[in-house]
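What follows is a set of notes on a single structure, which appears directly below.
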Amino acid sequence: MITIVGTCHVFNLKDKVKSLIRNAKPDAVCVELDEKRLKRLRSKSIPFGIFPLIQKIMAIRYGTEPGNDMLGAVEGAEQEGIPFFLIDKDIDSLIESIRAALLMEFLNPFELIRKLFAVKEFWLPPSFSLYENDILEAFVNDFAKEPDKYRLHFEKCFPFIKSILLDEREKHMALEIKNISGLYEEVLVVVGAGHVSGLKSLLSDYKVQTVMLISSK
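Encoded structure:
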């Protein structure tokens, strides 16, 4: 059995992830990290760049550090004596791919104009209001209900970035999970909520269940 746990990287979920691992007692834990990111999380150093900065600012809103969910998965496995595996792609090669994708996305000015209109539909779906007390949590909860809708919007707005951030990484992680599930009977996978539906689809030949830990409360 493969259990995929979806989280939000900027919510304070560390203790919840640890508790889940402690109660589930899987044979192995897979984590959406690579060695470099784990080292940075342990040292509490945030890499330079706009995306890490945004995550840092958002995490402050919830009184935590970005990536505390993934660190909770690693520490939870360590505390229970469960082997853990870092299944994501190398962060440096990922950043290079994202930079190349950004150039491809915004090289054409007409494409840029199209994106400006498309992005409104992606970020502001009619299912929730700007007057929500917690717009980020409302967004994450709405995403959890209809992930395929959001993935389609993302692809419509940013096809190259979506391919790098979601499709290619999920193929890589799914292969890692398949290899690990061949060695361990019960495998628990902790990833961002945005990867759950993609991984579940790629692991359709396996027995898979999903759990969402996406509440900041």
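Letter by letter, the sequence shown follows residues 606 to 822 of our numbering. Using N, Cα and C, we set each Cβ at its ideal position, and we do this for glycine too.
- About 7 angstroms separates the beta carbons of Thr608 and Val794, which is inside the 8 angstroms limit, making them a contact pair.
- Rounded to the nearest angstrom, the gap between the Cα atoms of Gly681 and Glu773 is 27 angstroms.
- Proximity of the stretch 785 to 801 to the stretch 624 to 640 meets the contact definition, three or more beta-carbon pairs being nearer than 8 angstroms.
- For Pro752, the CB contacts under 6 angstroms within the same chain, skipping 5 residues up- and downstream, are Ser802 in chain order.
- Taken through DSSP and simplified to helix, strand or coil, Val622 comes out as helix.
- In the DSSP assignment, Met817 falls outside any alpha helix (DSSP H) and lies within the beta strand (DSSP E) extending over Val813 to Leu818.
- Residue pairing by DSSP puts Ala633 in a beta bridge opposite Val792.
- Between the stretch 773 to 790 and the stretch 705 to 718, the count of Cβ pairs shorter than 8 angstroms is below three; the stretches do not touch.
- Assignment of Gly672 by DSSP, reduced to helix, strand and coil, places it in the coil class.
- Bounds of the beta strand (DSSP E) holding Val610 are Ile607 to Thr612.
- Of the residues assessed, Ser806 falls on the exposed side of the cut-off, its CB having fewer than 16 other CB atoms within 10 angstroms.
- Phe690 sits away from Val610, with the two beta carbons spaced by 9 angstroms or more.
- Spanning the alpha carbons of Gly787 and Tyr811 requires a straight line of approximately 11 angstroms.
- Counting every other CB atom within 10 Å of its CB across the protein chains shown gives Phe715 a total below 16, marking it as exposed.
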